[in-house]
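K.L.:
So the mapping is simple: this note's numbering equals the position in the sequence shown, first residue as 1, plus 16.
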Amino acid sequence: MRKAYVFLLLMLIVPFALSASGGQEAEAEVSADGVKQYNDKDMTVSWSVDGETAEFTLEAPTTGWVSIGFNPSRAMKGAQFIIGYVENGTVFVRDDYGTGLFKHDADTNIGGADDLSNVSGEETEGKTRISFLFPLVSGDEYDADLIEGESFKLLLAYGPDGSDNYSSKHSARASAELQL
């Protein structure tokens with residue numbers, strides 16, 4: 017009986033310890049001009065930092081939405097999300113916050129601000145690409161503070177073809193620990 021308790025205890029502790037460690041940090045490729053890029057599951061995110069601002073570009077094999085999330089506390093909860101899509105040549109991008117384990121809402125709906133600027137995007141050859149700028153530290157309680165040289169938890173996802181909205185379920189998702 018004692019062995020069964022020890023085995024049960026190990027079954028509970030080991031997964032918790034592994035998830036608490038946060039895993040290994042992924043490596044981003046760095047180009048000659050200092051732009052970092054990370055690829056996972058056919059999704060690409062590239063970024064560069066200029067003073068107090070970061071520029072991000074997302075690309076995924078979909079004609080629907082693409083998204084990036086930063087520093088969730090658990091699943092989607094507490095993460096800053098940027099979600100965007102292109103519909104009839106017009107770019108729609110929203111600054112969201114993870115309000116629950118598997119849900120999010122626009123910052124502006126919950127008392128925050130939309131801190132994005134220089135938004136652009138295109139949809140070509142079955143891929144959606146969006147780019148945007150935002151401050152590394154916005155002062156908005158619903159935005160992640162990103163510090164150059166420090167690590168952050170990254171969430172990437174994209175929706176099914178034609179999902180030009182902020183609410184449909186993802187087709188693919190990935191996560192990594194990266195250094196800004």
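Even for Gly, the Cβ is constructed at its ideal location relative to N, Cα and C.
Go ahead and label F118 buried or exposed: buried means 16 or more other beta carbons lie within 10 angstroms of its beta carbon, across all protein chains shown.
P.N.:
In the sequence shown, residue 118 corresponds to position 102, counting from 1. Per the 10 Å Cβ criterion, exposed.
K.L.:
Can you tell me whether R110 is buried or exposed, with buried defined as 16 or more other CB within 10 angstroms of its CB?
P.N.:
By one-based count along the sequence shown, residue 110 stands at place 94. It counts as buried.
K.L.:
Grab the span of the beta strand (DSSP E) containing Y158 for me, first residue to last.
P.N.:
Here residue 158 refers to the residue found at position 142 when the sequence shown is read from its first residue. Run containing Y158: none; DSSP gives neither H nor E here.
K.L.:
On the premise that V46 lies in contact with I146, defined as a C-beta separation below 8 Å, what is that separation, rounded to the nearest angstrom?
P.N.:
The count along the sequence shown starts at 1 and reaches residue 146 at position 130. The count along the sequence shown starts at 1 and reaches residue 46 at position 30. That belief does not hold up - the Cβ atoms of I146 and V46 are roughly 22 Å apart, past 8 Å.
K.L.:
Note down, in chain order, each residue of its chain lying with its Cβ closer than 8 Å to the Cβ of D130, except the 5 sequence neighbours on either side.
P.N.:
Taking the sequence shown and counting its residues from 1, one reaches residue 130 at position 114. So the list reads R110, D111, A122, D123 and T124, once near-sequence residues are dropped.
K.L.:
Would you kindly check if the distance between the Cβ of L170 and the Cβ of L194 is under 9 Å?
P.N.:
For the purposes of this step, residue 194 is taken as the residue at position 178 of the sequence shown. For the purposes of this step, residue 170 is taken as the residue at position 154 of the sequence shown. A contact, by the Cβ cut-off of 9 Å.
K.L.:
For chain E, check one thing: does any of its Cβ atoms lie closer than 9 Å to the Cβ of D159?
P.N.:
Among the protein chains of the structure shown there is no chain E, as only one such chain exists.
K.L.:
So N134 is in the beta strand (DSSP E); what residue range does that whole segment cover?
P.N.:
Locating residue 134 in the sequence shown gives position 118, counting from the first residue. That run of the beta strand (DSSP E) goes S133 to T140.
K.L.:
What residues in its chain sit with their C-beta under 6 Å from that of F150, if we drop five residues either side in the sequence?
P.N.:
Walking along the sequence shown from the start, residue 150 turns up at place 134. These residues qualify, in order along the chain: D131 and L132.
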